[in-house]
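In my numbering, the protein residues as written are 203 to 546.
Note that beta-carbon positions come from the ideal geometry of N, C-alpha and C, so glycine has one too.
Bear in mind the structure is a predicted one, so any value in this text is a computation, not a measurement.
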């Protein structure tokens with residue numbers, strides 16, 4: 203067996219075992235030990251840890267990194283991402299060099315702010331649409347809907363609810379989130395690990411793309427530079443705009459822990475707004491760190507739509523740059539609501 207293969211196997215073993223120091227470092231004379239309960243630290247606070255030198259080796263130098271960023275005196279870098287991160291020590295000693303790691307969890311340093319909304323207008327919405335994605339472009343509303351055999355991509359006059367263009371997906375696909383980027387519509391599917399690309403203004407399908415490490419497609423948005431994709435977990439993946447490959451991800455965390463079930467996404471003035479699956483609220487997420495900085499409770503809106511057996515939760519957020527307001531709807535809702543977000 204080659205040395206390279208042995209190295210890869212040992213690296214995989216290190217990742218799979220996690221943060222148990224005795225097993226994690228059984229082939230090394232060193233280990234990392236922290237003082238925090240369950241290795242959880244708060245953003246901005248020092249990380250208290252020590253390098254355990256089991257056999258009293260003569261150490262020449264030690265460099266510490268947190269997910270690739272150099273750290274000194276245990277201080278967490280200001281721009282560190284939240285969530286599961288790798289604390290790594292590169293140890294040079296009398297017999298060579300060892301690299302050892304331990305998984306830490308970084309949580310936010312403050313509670314999310316609570317926001318309310320002011321209802322401005324109400325518009326008609328197709329009650330048969332199982333809304334998954336919603337976005338404005340050039341004054342029109344683009345919508346992606348779900349359910350096998352019922353999934354669609356639509357261009358809509360939001361004021362009247364008129365469907366200007368309707369594209370039905372093959373019944374094997376369950377439509378999910380969408381975004382409009384560089385004059386193209388990108389639409390996700392749920393479990394097929396496939397997304398579709400359409401041109402504008404004709405909305406002809408011009409291609410498709412495959413997912414990488416993320417197992418499912420949920421929500422999609424962009425910041426005019428990269429695309430962001432949710433997969434139903436706490437992760438939001440950043441996609442290369444040219445290849446649509448997954449570059450890296452952020453993890454959505456509060457000061458208490460991770461928030462899973464992130465669904466439909468919308469880019470709103472520098473923040474990511476995200477539905478949470480089976481909830482009637484929206485999280486406001488910092489796209490750099492993953493910190494959940496705010497939450498909006500839209501539960502009252504569900505009482506304002508027609509009550510029927512197929513009525514489901516809020517899903518669908520669209521920011522209209524022409525009005526500077528937010529539009530929300532839900533799965534099989536007969537109304538589209540225009541709202542203004544205000545701090546509680």
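Hey, how far is the Cα of residue 548 from the Cα of residue 433?
Shown here, the chain extends from 203 to 546; a query on residue 548 therefore has no answer.
Extent of the continuous beta strand (DSSP E) run through residue 467:
For residue 467, the enclosing beta strand (DSSP E) starts and ends at 464-470.
Euclidean distance between Cα positions of residue 561 and residue 492
Any answer about residue 561 is impossible in this case: the structure gives the chain only from 203 up to 546.
Taking residue 320 as part of the alpha helix (DSSP H), name the residues at either end of that continuous run.
Not the alpha helix (DSSP H): residue 320 falls in the beta strand (DSSP E), residues 315-326.
Leaving out the 5 sequence neighbours to the left and right, which residues in its chain are closer than 6 Å to residue 383 when beta-carbon positions are compared?
The answer, listed in chain order, is 424.
Please report how far the alpha carbon of residue 284 lies from the alpha carbon of residue 455, in whole angstroms.
If you take the alpha carbons of residue 284 and residue 455, they lie about 6 Å apart.
If contacts are defined as beta-carbon pairs under 8 Å, then residue 320 and residue 515 qualify, I think. What distance do you get, rounded to the angstrom?
Actually they do not touch by this definition, with Cβ atoms about 22 Å apart.
So is residue 416 buried or exposed if we call it buried at 16+ other beta carbons inside 10 Å?
The residue is buried, with at least 16 neighbouring Cβ atoms inside 10 Å.
To the nearest angstrom, how far is it from the Cα of residue 372 to the Cα of residue 302?
Between the alpha carbons of residue 372 and residue 302 lies a distance of about 49 Å.
If you run the structure through DSSP and keep just helix, strand and coil, what is residue 224?
Legend: pLDDT at residue 224 = 42, less than 50; position of this residue unreliable, no value from coordinates given.
Need the endpoints of the beta strand (DSSP E) that residue 304 sits in, please.
Its beta strand (DSSP E) spans residues 298-309.
Euclidean distance between Cα positions of residue 255 and residue 464:
Approximately 42 Å, taken between the alpha carbons.
Determine whether the beta carbon atoms of residue 486 and residue 500 lie at a separation below 8 Å.
In this structure, residue 486 sits away from residue 500, with a CB-CB distance that is not shorter than 8 Å.
Using DSSP with H/G/I as helix, E/B as strand and the rest coil, what is residue 245?
Reduced to three states, the DSSP call for residue 245 is coil.
Secondary structure at residue 202, three-state DSSP: helix, strand or coil?
For the chain, the structure presents residues 203 to 546; residue 202 sits outside this window and is missing.
Exposed or buried, what is residue 410 when buried is set at 16 or more other beta-carbons lying within 10 Å of its beta-carbon?
By the 10 Å Cβ count, residue 410 comes out exposed.
Mind checking residue 228: buried by the 16 CB within 10 Å criterion, or exposed?
In this prediction, residue 228 scores a pLDDT of 48, lower than 50, which makes its location untrustworthy; the coordinate-derived value is nonetheless stated afterwards. By the neighbour-count definition (other C-beta atoms within 10 Å, threshold 16), residue 228 is an exposed residue.
Can you list, in chain order, the residues of its chain whose CB lies under 7 Å from that of residue 218, leaving out five sequence neighbours each side?
Its pLDDT being 28, under 50, residue 218 is placed unreliably by the model, and the measurement read from it follows with that caveat. Taken in chain order, the list of residues that qualify is empty.
With DSSP run on the structure shown, which of helix, strand or coil describes residue 538?
In the structure shown, residue 538 sits in a strand (DSSP, three-state: E or B).
If you draw a straight line from the alpha carbon of residue 442 to that of residue 392, how long is it in whole angstroms?
If I take the Cα positions, the gap works out to 20 Å.
Can you tell me the Cβ-Cβ gap for residue 327 and residue 538, rounded? I've got them flagged as a contact below 8 Å.
About 4 Å; that satisfies the 8 Å criterion.
Applying the criterion that 16 or more other CB atoms from any shown protein chain within 10 Å of the CB defines a buried residue, is residue 528 buried or exposed?
Around the beta-carbon of residue 528, 16 or more other beta-carbon atoms lie within 10 Å, marking it buried.
If you draw a straight line from the alpha carbon of residue 330 to that of residue 245, how long is it in whole angstroms?
The alpha-carbon of residue 330 is positioned some 44 Å away from that of residue 245.
Secondary structure at residue 458, three-state DSSP: helix, strand or coil?
In the structure shown, residue 458 sits in coil (DSSP, three-state: anything other than H, G, I, E or B).
Unbroken stretches of the beta strand (DSSP E), 3 residues or longer, contained in the region 329-416
Segments of the beta strand (DSSP E) lying fully in the region 329-416: 333-339, 342-347, 354-359, 364-370, 377-383, 386-391, 396-401, 407-412.
Excluding the 5 residues preceding and the 5 following residue 323 in the sequence, name in chain order all residues of the same chain whose CB lies nearer than 6 Å to its CB.
Around residue 323: 540.
Residue 273 lies in the beta strand (DSSP E); which residues open and close that run?
That residue, residue 273, is in no beta strand (DSSP E); it is neither H nor E in DSSP.
Of the listed residues 242, 265, 247, 402, nearest to residue 253 (C-alpha basis)
Of 242, 265, 247, 402, the residue nearest in Cα terms is 265.
Element boundaries [beta strand (DSSP E), containing residue 263]
Residues 261-268.
Per DSSP, residue 422 is paired with what?
Bridge partners of residue 422: 431.
Please identify the residue among 459, 439, 466, 426 whose C-alpha is closest to the C-alpha of residue 472.
Taking each of 459, 439, 466, 426 in turn and checking the Cα distance to residue 472, the smallest one comes out for 426.
Taking residue 407 and residue 398 to be in contact with their CB atoms under 8 Å, please state how far apart those CB atoms are, rounded to whole angstroms.
Cβ-Cβ separation between residue 407 and residue 398: approximately 6 Å, consistent with a contact (criterion under 8 Å).
Exposed unless 16 or more other CB atoms sit within 10 angstroms - verdict on residue 356
When all chains shown are included, residue 356 counts as buried.
Looking at residue 269: is its Cβ nearer than 8 Å to the Cβ of residue 288?
In contact: residue 269 and residue 288 (Cβ atoms closer than 8 Å).
Bridge partners - residue 485, DSSP secondary structure assignment:
Paired residues: 476, 497.
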